[in-house]
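Since the structure comes first, as structure tokens, the remarks are kept for the end.
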Amino acid sequence: MNVAFCNSNPAKPTSDHPVPGAAHSPGRDADVIALIREAGRTEPALATTYTDARHRADRTRIEVFTSWPPGTLREDLPTSVDIHAALCTIDVYTTLTIERGWSPDRVESWWTTTLARELLA
Numbered sequence: 002m003n004v005a006f007c008n009s010n011p012a013k014p015t016s017d018h019p020v021p022g023a024a025h026s027p028g029r030d031a032d033v034i035a036l037i038r039e040a041g042r043t044e045p046a047l048a049t050t051y052t053d054a055r056h057r058a059d060r061t062r063i064e065v066f067t068s069w070p071p072g073t074l075r076e077d078l079p080t081s082v083d084i085h086a087a088l089c090t091i092d093v094y095t096t097l098t099i100e101r102g103w104s105p106d107r108v109e110s111w112w113t114t115t116l117a118r119e120l121l122a
């Protein structure tokens, strides 16, 4: 299960892939992720599982962003990590796919475009 579903890899941004690997939809994991998060409200072990996964995702984002040349990010590192985390949530994915009828591919495309616009200088 990939709780941090809007992942990046350490590749550098290019014109073809402005935020490499930035948009990976959770697909079928979405329901499991939501279940773990909701169950965590009453089950401390599941809350820890969800929180730990979010922290691992932040560490990955930091690793990726710091591997890029200085001046690549529009904002400082903490703000860039926050922007990425705020946009790439199970709630955004669910709203767009379930409530708005977007395909997972469309969400991934939107994430890539939006992250490039918001993160890159």
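For the sequence shown, our numbering begins at 2 and goes up steadily by one. We put the CB at the ideal spot given by N, CA and C, even for glycine.
Taking the DSSP output, what are the residues bridged to Leu121? Leu74, per the DSSP bridge assignment.
Alpha carbon to alpha carbon, how far is Thr49 from Trp111? So the two alpha carbons sit approximately 30 Å from each other.
List the whole-angstrom C-beta distance separating Leu74 from Ile63, where the pair is believed to meet the contact cut-off of C-beta under 8 Å. Incorrect: roughly 11 Å between the Cβ atoms, too far for contact.
Check whether the Cβ atoms of Leu120 and His85 sit closer than 8 Å, and answer yes or no. Yes, these two residues count as a Cβ contact at 8 Å.
Rounded to a whole number of angstroms, what is the C-alpha to C-alpha distance between Thr80 and Thr115? Looking at the two C-alpha atoms, the distance is approximately 15 Å.
Contacting residues, own chain, Cβ-Cβ under 7 Å from Ser104 (five flanking each side not counted): Cβ neighbours of Ser104 beyond the five flanking positions: none.
Going straight from the alpha carbon of Arg42 to that of Ala35, what length do you get? Straight-line spacing of the CA atoms in Arg42 and Ala35 works out to 11 Å.
Could you give the distance in angstroms between the alpha-carbon of Val93 and the alpha-carbon of Arg101? Computed Cα separation, rounded: 10 Å.
Taking the continuous alpha helix (DSSP H) assigned at Ser68, which residues delimit it? Run containing Ser68: Pro45 to Ser68, per the alpha helix (DSSP H) assignment.
For Ala58 and Leu47, which I take to be in contact (beta-carbon distance under 8 Å), what is that distance rounded to the nearest angstrom? Contact flag wrong, Cβ pair sits at about 17 Å.
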